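Below is one structure; the comments refer to it alone.
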DNA sequence: ACTCAATTTCGAAAAATATGGAAATAGTGT
DNA sequence: ACACTATTTCCATATTTTTCGAAATTGAGT
């Protein structure tokens, strides 16, 4: 993963509303959730929600699929895994770096 | 970890300059790096660097320690671990969720 | 074609962020 | 106290982000 892409995904998640939004989609699981249902849970205007959703889709963290008039949104797990992988690799927080981490924690 | 804190850390890392900066500090390891040394590697004005560094320190991703006139900066591994842990827990990307992840990858 | 519901785009204002030059500060040695 | 270096704060500006009402669009059913 390139640094630029990681940064854009981190920035996308670095907004409380979007992080909450992403969390909601994760919890919805493989079935996903319609934009309207998400709106009901977040209670923000549809235009605002649409902008935030677009940001998550553009950065590859969320996918969308039409079902009749509703748009189903799903958390894109591989996308998140790649991001976590990048952080772990770059930032030394995985098992391979456990000694350093342990030391830092001590 | 609270959602708000996670969001602020993600936002802090979600800027290419700051992510690069954080990467440099991670690679510097436990010895850390003086602000001036970081500046040499990034080639940005000191005031700009100082602003970005402050953001990382404020969000708990970097620590600083004075050594004479220089300020040593270090990546705060536990902080990053907590963040990755939050993402993994909230976002279903860890081993416990491997089935879902595998399905998504297929 | 018409209508209804779901969602996005347009347009515009307020707020936050990013950037950096210049001045101020902090810390050490003399 | 002074000089020197390292770093931050002050200040201002350009850019980006956030927000959302209103209008436009999309898709399905009639």
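Residue numbers (the numbering used here), protein chains in the order written: chain A, 63 to 168; chain S, 63 to 168. Built from N, CA and C at the ideal position, the CB exists for glycine as well. Nothing here was measured: the structure is a model prediction, and the numbers come from that model.
Neighbour-count burial assignment, residue i, 16 or more Cβ in a 10 Å radius
i: residue 158(S); result: The pLDDT assigned to residue 158(S) is 44, lower than 50, so where the model puts this residue is not dependable; a value taken from the coordinates is nonetheless given after this. With fewer than 16 other Cβ atoms within 10 Å, it is exposed.
i: residue 75(A); result: buried
i: residue 123(S); result: buried
i: residue 127(A); result: exposed
i: residue 66(A); result: exposed
i: residue 114(S); result: buried
Residue j beta carbon less than 8 Å from that of residue i
i: residue 73(S); j: residue 138(A); result: no
i: residue 87(S); j: residue 98(S); result: no
i: residue 89(A); j: residue 118(A); result: no
Same chain, Cβ closer than 6 Å to residue i, five either side skipped, listed in chain order
i: residue 125(A); result: 136 and 138
i: residue 116(A); result: none
For residue j and residue i, believed in contact at Cβ under 8 Å, the rounded distance
i: residue 149(S); j: residue 142(A); result: 7 Å
i: residue 104(S); j: residue 129(S); result: 20 Å between Cβ atoms; not a contact.
Own chain, CB closer than 8 Å to residue i, minus 5 neighbours either side, in chain order
i: residue 71(A); result: 121, 122, 123, 141 and 145
i: residue 132(S); result: 96, 97 and 98
i: residue 92(A); result: 136
i: residue 84(A); result: 75, 118, 123, 124 and 137
Cβ shell of residue i (< 7 Å), same chain only, five flanking positions each side left out
i: residue 101(S); result: 108 and 111
i: residue 68(S); result: 145 and 148
(request) Determine which residues of the segment 114-131 of chain S have a Cβ less than 7 Å from any Cβ of chain A, and write them out in chain order. (result) So nothing in the stretch comes that close.
(request) Give the residues from the segment 68-79 of chain S that approach chain A closer than 8 Å (Cβ to any Cβ), ordered along the chain. (result) Listed by position along the chain: 68, 69, 70, 71, 72, 73, 74, 75, 76, 77 and 78.
(request) Closer than 8 Å, Cβ to Cβ, to anything on chain A: give me those residues from the segment 92-115 of chain S, in chain order. (result) With the criterion set as a beta carbon lying under 8 Å from some beta carbon of chain A, the members of the segment 92-115 of chain S are 92, in sequence order.
(request) Return the residues of the segment 129-151 of chain S that lie within a Cβ-Cβ distance of less than 8 Å from chain A, sorted by chain order. (result) Cβ contacts with chain A come from 137, 138, 139, 140, 142, 143, 145, 146, 149 and 150.
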